[in-house]
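Each remark here refers to the structure printed beneath this line.
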Amino acid sequence: MPTTTPALSLPSAGAPFEAIALERRDLRDDDILIDIAYAGICHSDIHTGRDEWGPAHYPLTPGHEIAGTVAAVGSAVTRHKVGDRVGVGCLVDSCGGCEPCKDGQEMFCTKPSVGTYNSQGYDGEWTAGGYARQVVVSERFALSIPDELGLDVAAPLLCAGITTYSPLKRWGAGPGKQVAVVGVGGLGHMGVKIAAAMGADVTSMSRSDAKAQEAAEMGASHHIATSDAAAMKAARRSFDLILNTVSADLPMDDYLRLLKPNGVLCNVGLPMQPYSVFPFGLIGGNKVLTGSQIGGIAETQEMLDFCARHGLAATIELVDASDPADVDAAWDRVTAGDVRYRCVIDTATIPEG
Ligand code: NAP
Ligand code: ZN
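Here the numbering used here is used: the first residue of the sequence shown is -9, the next is one more, and so on.
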């Protein structure tokens, strides 16, 4: 019998959330059923549910920062057992056989990969995400959450953690490196914590000084208010790596100027507007302007283990979903840059639909 589970759903773009009974598929041989405990609210949920990236598929249950415990397993499951603490991020399927999949970059699967929500599975069914009390997923896409990490503060690692860890590692954040993280939101605050744990000298960059003190407590040694023209000028040629997590357009040229020669400006924020770049600002100094999309499954596990080893997790605000309008309000607070630093839904409070 398919399971139904209480979930939050958007009937159309920009409409308020409503509680529904969401159907989850029968367990396949390699599936696990997860009792979700917490689901982080990523800005990507909002871009999707407000059609900012183009029309989404409705009704839409978002959520790709999922943490919970295994409630049941299919007959061929070997990696997880009932009671295990597990997480699910942005991916729930990939072909497993193409070059990117074999390279551990399932997000670039050529079939292509299947997203946790707003995505069509290989069976043709639309996926539905973690703003729900249960989810069914192939064991291959469930990560083990180390015992050191609480499920509430681990949930955001499944997207915000891996999306910052992967480019910080790839571009060499570490001892002797000056790393700036632009935007101290859900991704950005994890970027600050992870870059500091990797041993880099970290500068947090935010629109004002309002988050400076907390960013310092997360590991930033310096802070720049991007609205302060003099501070931006003083910071020119300072950084080996800048990680841009801002959800809106940013003037790339202003940030390229902050790089040392051969420095890297890596974008993970996903606004819809095209970035504009003055070629002299890129070529003068051999600068690298690049991007990064989440991370593969093995690297996501590596990131969780890294966070457990270094005592890192998200700084969260818990959201009670008894009244689904409070989740709409949380979305508004995310877009206002008001959250400290990731909203996480206590999924046990999602009402029966
Ligand atoms: P978030 O919590 O809203 O954080 C974004 C931060 O950007 C805000 O806290 C704010 O920082 C800054 N910001 C917002 N509006 C701004 C504006 N108009 N001008 C300048 N700065 C502004 O969002 P998030 O969940 O971290 O996600 C950030 C972006 O990454 C989103 O676009 C999301 O879709 C994208 N994303 C990408 C990937 C990927 O694979 N590449 C994965 C997940 C998310 P301050 O208050 O400090 O200024
Ligand atoms: Zn996300």
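C-beta: ideal position from N, C-alpha, C; glycine also.
Just so it is clear, the structure is predicted and the values come from calculations on it, not from any experiment.
Quickly, what does DSSP pair residue i with across the bridge? List them, please.
{"i": "L308", "result": "V334"}
{"i": "L(-2)", "result": "A9"}
{"i": "A29", "result": "I56 and I335"}
{"i": "L233", "result": "V171 and C256"}
{"i": "R75", "result": "T59"}
{"i": "R123", "result": "Partner(s): none; R123 has no beta bridge."}
{"i": "T(-7)", "result": "R14"}
Just mark residue i as buried or exposed, buried being the case when its beta carbon has 16 or more other beta carbons within 10 Å.
{"i": "Q364", "result": "For residue 364 there is no data in the structure shown, the boundaries of the chain being -9 and 343."}
{"i": "H54", "result": "buried"}
{"i": "Q124", "result": "buried"}
{"i": "R299", "result": "exposed"}
{"i": "H47", "result": "exposed"}
{"i": "G274", "result": "exposed"}
{"i": "L294", "result": "buried"}
{"i": "N108", "result": "buried"}
{"i": "N276", "result": "exposed"}
{"i": "E129", "result": "buried"}
{"i": "G189", "result": "exposed"}
{"i": "E289", "result": "buried"}
{"i": "D19", "result": "exposed"}
{"i": "G175", "result": "buried"}
Since residue i contacts residue j with CB under 8 Å, what's their CB separation in whole angstroms?
{"i": "C256", "j": "W161", "result": "6 Å"}
{"i": "L12", "j": "A122", "result": "6 Å"}
Measure from the C-beta of residue i to each C-beta in chain C and report whether the shortest distance is under 8 Å.
{"i": "G114", "result": "The structure shown has no chain C; it contains just one protein chain."}
> Taking one C-beta from the region 298 to 306 and one from the region 269 to 285 each time, how about it: are there three or more such pairs within less than 8 Å?
Replying inline: no
> Can we say the region 211 to 231 touches the region 250 to 267, given the rule of at least three CB pairs closer than 8 Å?
Replying inline: yes
> For the region 318 to 337 against the region 16 to 32, are there 3 or more C-beta pairs whose distance is under 8 Å?
Replying inline: yes
> What are the complete alpha helix (DSSP H) segments, minimum 4 residues, inside the region 155 to 230?
Replying inline: 176 to 187, 202 to 208 and 219 to 224
>> Does the structure place the region 187 to 199 close enough to the region 209 to 225 that three or more beta carbon pairs sit under 8 Å?
In response: yes
> Which ranges would you report for the alpha helix (DSSP H) in the region 32 to 69 if only whole runs of at least 4 residues count?
Replying inline: 33 to 39
>> With a threshold of 8 Å, are at least 3 pairs of Cβ atoms found where one atom belongs to the region 311 to 331 and the other to the region -2 to 17?
In response: yes
>> For the region 51 to 67 against the region 152 to 168, do three or more pairs of beta-carbon atoms, one drawn from each stretch, fall closer than 8 Å, so that the two count as touching?
In response: no
> Can you list, in chain order, the stretches of the beta strand (DSSP E) that have 3 or more residues and sit fully within the region 78 to 156?
Replying inline: 81 to 83 and 124 to 128
> Would the region 73 to 83 and the region 36 to 43 be scored as touching if the rule is three or more Cβ pairs under 8 Å?
Replying inline: no
> Which runs of the alpha helix (DSSP H) fall wholly inside the region 268 to 310 and span at least 4 residues, in chain order?
Replying inline: 269 to 273 and 287 to 300
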